[in-house]
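> Structure provided below as structure tokens; questions to follow.
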Amino acid sequence: MVNEWTVTHGTHEIHVVKTPTGGAHLYVDDELVDATNDLYAAEDDPALVGVFGDDVRVDVFLTPASLAAIRINGQWVTGGGLVYAVASD
Numbered sequence: 031m032v033n034e035w036t037v038t039h040g041t042h043e044i045h046v047v048k049t050p051t052g053g054a055h056l057y058v059d060d061e062l063v064d065a066t067n068d069l070y071a072a073e074d075d076p077a078l079v080g081v082f083g084d085d086v087r088v089d090v091f092l093t094p095a096s097l098a099a100i101r102i103n104g105q106w107v108t109g110g111g112l113v114y115a116v117a118s119d
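Numbering (the working numbering), first residue to last: 31 to 119.
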């Protein structure tokens with residue numbers, strides 16, 4: 031099963047996709063910015079990283095659990111699980 035999470039930061043759409051094969055992709059404005067097959071990451075070691083716009087950084091923390099919590103500029107914008115995306119200017 032594919033799991034997807036999307037948030038908006040300014041005029042940018044941040045999209046995380048967890049694939050059925052255990053990989054994950056990070057898209058910003060429909061552009062692939064990072065991919066991994068390592069779904070185990072700690073809060074200080076992101077599995078996916080992207081930089082876009084005016085030096086906005088997105089860090090995505092993943093586990094095999096199909097839940098998501100995304101934060102932008104240090105603020106949680108979604109909650110409920112063990113997948114984290116962090117964006118900062």
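Built from N, CA and C at the ideal position, the CB exists for glycine as well.
Skipping 5 residues on each side, what residues in its chain have a beta carbon closer than 8 Å to that of VAL32?
As a first step, residue 32 must be located in the sequence shown, where it is residue number 2. Excluding positions up to five away in sequence, the list reads VAL47, LYS48, THR49 and PRO50.
> On the premise that VAL88 lies in contact with LEU56, defined as a C-beta separation below 8 Å, what is that separation, rounded to the nearest angstrom?
Along the sequence shown, read from residue 1 onward, the residue named residue 56 stands at position 26. Along the sequence shown, read from residue 1 onward, the residue named residue 88 stands at position 58. That pair is a contact at about 7 Å.
> Tell whether a beta-carbon distance below 7 Å holds between LEU92 and ALA65.
Here the question's residue 92 lines up with position 62 in the sequence shown. Here the question's residue 65 lines up with position 35 in the sequence shown. Cβ atoms of LEU92 and ALA65: not closer than 7 Å.
> Just to confirm my understanding: we take ASP68, look at its own chain, exclude 5 residues before and 5 after, and list those with CB closer than 6 Å. What are they?
For this step, residue 68 is matched to residue 38 along the sequence shown. Cβ within range, chain order: ALA77.
> Closer than 8 Å by C-beta to ASP60: which residues in its own chain qualify, once you throw out the five before and the five after it? Chain order, please.
Looking up residue 60 in the sequence shown gives position 30. Within the same chain, ASP60 has close Cβ partners GLU43 and HIS45.
> Under the three-state reduction of DSSP, which class applies to LEU56: helix, strand or coil?
The residue you call residue 56 lines up with position 26 of the sequence shown. Three-state DSSP puts LEU56 in a strand.
> So for GLY80, helix, strand or coil by DSSP?
Taking the sequence shown and counting its residues from 1, the one referred to as residue 80 is at position 50. Reduced to three states, the DSSP call for GLY80 is strand.
> For HIS39 and VAL90, what's the separation of their Cα atoms in angstroms?
Position 9 of the sequence shown, counted from the first residue, corresponds to residue 39. Position 60 of the sequence shown, counted from the first residue, corresponds to residue 90. When rounded, the distance between both Cα atoms is 14 Å.
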